[in-house]
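Counting with my numbering, you get residues 4 to 561 for the letters of the sequence shown.
Below is one structure, written out as structure tokens; the observations come after it.
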Amino acid sequence: MTVLRIGNFSGFYGDRAGALREMLTGGEVDVLTGDYLAELTMLILGRDRLKDPAAGYARTFLRQLEDCLGLAHERGVRIVTNAGGLNPARLADEVRLLADRLGIPVRVAHVEGDDLTAAHPGTLAAHAYLGGFGIAECLRAGADIVITGRVTDAALVTGPAAAHFGWRPGEYDRLAGAVVAGHVLECGTQATGGNYAFFTEGDVRRPGFPLAEIHADGTSVITKHPGTGGFVDTGTITAQLLYETGGARYAGPDVTARLDTVRLSQDGPDRVRIEGVGGEAPPPTLKVGLNRLGGFRNEVAFVLTGLDIEAKAALVREQLSEALAKSPPAEVRWDLVRTDRPDADNEETASALLRLVVRDPDQQVVGRALSGAAVELALASYPGFHVLAPPGKGAPYGVFEGVYVPHGVVDHVAVLDDGRRIPVSPPQETRALDDAPQPPLPEPLPAGPTRRAPLGLVAGARSGDKGGNANVGVWARSDEAWRWLVHELTADRFREVIPESRDLPVTRHMLPGLRALNFVVEGILGAGVAAQHRFDPQAKALGEWLRSRHLDIPEALL
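Written out as structure tokens, the structure is:
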């Protein structure tokens, strides 16, 4: 087989339940991958494991598999998934029990070695991001289903590709091509029009899941099954390539892929070719995600309606600050969100929200103390006093931290269906990770008339989270727009139009081959998504906010 067809049926824990069946019945496919893990998911699974040591995996995968295991077996489709989470061995056993109950002969293997929790006391979960060669060993030994814990998202694709084509460590360009294809597939329908800046250009009511046709040289074509919703073009693929990445060097355990070498071209309707991807030796360390409980948080949103919004906010702040001073929480944050409009024709649009968030290691400090103080104001504060919901007793929140360990610290092992254990060696060659040289700037557009207009008229964006940092990828839709964008949207200009970033480190990376800029904003998400530091805790809409900001855009581009 000269082409390996790898599809995706899950981009997160909670994705479309029927996607596995859709991918099995919608067209030809050789391997299906399911990505269930994210930084927040590891924390959720860690809390599950606290209650039940046998838990810690994505239970929804078993329900999907019960419906489709026979179909996958009939069609010879292999399944590779990180649904094992914190307990891949247990999920592998559960899949075997399911297969026995259904009377379907299935060989199930799993990958171990990512769990470093014992070496990091005080964490709920500490897991290294493994590469794809453990998956490849399982598949080479004949596994029909491979269960992993914390591997890189792209490893779900690089592993099957390495097994199928016989790739070995050190074949960096081929591996890098598969990493890029894997990064496109990992978030499911984000590659086929989901969450896309220019979503009005196609029917995205129910996008189909993506499929990569991978070749032996590492090149690929991204597509989807015929007749499914959504669309695949160079824009949707560019958006996903920029999602949760940083500079030109995209590091992983097996290879560092050079995003500045990627070439995209439309290869027909709903088909985008990815080629030219260069690879380098991986860095000498592995990333480890640490998840721990950070304490307890509580919040209350006061609704302020009509006139004197600022004065009403000042009054309730003063009243509550007095009450909270008796047992002050470790962190207190107020945000006034001006959603109100003058002379509004309904009450909701006449109202603003004053949001109070408190955090403390002691649940009592953020629980009863806050709820009592807030409720006591019901008849004694600003006119029209009410809240969206009464504050509760305080809920635990998580903190994410990324640290790095040498490859040799991890015992990466493929555990086969018959119990045999195959060690996976660390890379023999590594290269310290540093920023790629910045490419030269193109010539700016000639001077001409401009018009104040939203950036999104000429550029797309997609944003996301990595721990406490956010990235915002911005791409131009034409060469002329790129020439303007790269000169206009500097790191300093970004800080001006996104006020939350003004006091934070902002790094700009250029990717001319994609006509794209990637901004990394350090610390904007605090201690990560589980800490809910800001209104949009995963920075999912940060790019759309940027697109809505008005700049002086050349009229020739509008």
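C-beta atoms are modelled at their ideal positions from N, C-alpha and C, and glycine is treated no differently.
With DSSP as the reference, please indicate the residues paired to E278 in a beta bridge. R266
Whole-number beta carbon distance between P286 and T259, since they are thought to touch under 8 Å: 7 Å
Tell me which residue opens and which closes the beta strand (DSSP E) that D338 is part of. E334 to V340
Alpha helix (DSSP H) segment containing T161, residue limits: A158 to F168
Span of the beta strand (DSSP E), counted from its first residue to its last, around H218: P213 to H218
Below 8 Å between beta carbons: does that hold for L549 and V475? yes
Does DSSP put E115 in a helix, in a strand, or in coil? strand
Check whether the Cβ atoms of H167 and L35 lie closer than 8 Å to each other. no
Candidates D176, F15, T237 and P430: closest to I47 by CA position: F15
Helix, strand or coil for P502 per DSSP? helix
For L436, which residues in the same chain have their Cβ closer than 8 Å to its Cβ, ignoring the five residues on either side in sequence? R252, A254, T259 and P286
Going by DSSP, what residue range makes up the alpha helix (DSSP H) through Y175? Y175 to L188
By DSSP, does H512 sit in helix, in strand, or in coil? strand
Can you tell me whether T264 is buried or exposed? The criterion is at least 16 other CB atoms within 10 Å of its CB, across all chains shown. buried
Can you tell me whether DSSP reads E446 as helix, strand or coil? coil
Whose CA, out of A439, L356, P443 and L327, lies closest to the CA of R341? L356
Give me the Cα-Cα distance between I138 and R454, rounded to the nearest whole angstrom. 53 Å
State whether the stretch 428-447 contacts the stretch 82-94, with contact taken as three or more CB pairs (one from each stretch) at a distance under 8 Å. no
For the alpha helix (DSSP H) holding T63, just list the boundary residues, first then last. R62 to R78
How is R454 classed by DSSP in three states: helix, strand or coil? strand
Less than 8 Å between the beta carbons of Y199 and L289, yes or no? no
One or two residues paired with H389 in a DSSP bridge: V306
Residue of I225, R537 and T126 minimising C-alpha distance to G401: T126
Could you say if the stretch 463-472 and the stretch 539-546 meet the contact criterion of at least three C-beta pairs nearer than 8 Å? yes
A530: which of L262, E446 and G405 sits nearest, CA to CA? G405
With 16 other CB atoms within 10 Å as the buried threshold, where does R424 fall? exposed
What does G232 pair with, by DSSP beta-bridge criteria? P210
Limits of the beta strand (DSSP E) - the one that E631 falls within: No statement about residue 631 is possible, as the shown extent of the chain runs from 4 to 561 and does not include it.
On the three-state DSSP scale, how would you describe E283? strand
Quick one: using the 10 Å Cβ neighbour count with 16 as the cut-off for buried, is V149 buried or exposed? buried
Quick check on the burial criterion: 16 or more other C-beta atoms within 10 angstroms. Buried or exposed for T28? exposed
Report the residue from D117, A144 and L142 whose alpha carbon sits nearest the alpha carbon of D133. Asp is not the amino acid found at residue 133; the sequence shown has Leu there. Of the listed residues, the one whose Cα sits closest to L133 is D117.
Alpha carbons only, please: which of D273, N294, A462 and L74 is nearest the one belonging to L43? N294
Through-space distance from V360 to Q535, alpha-carbon basis: 9 Å
According to DSSP, simplified to helix, strand and coil, what is I107? coil
Euclidean distance between Cα positions of D348 and F12: 44 Å
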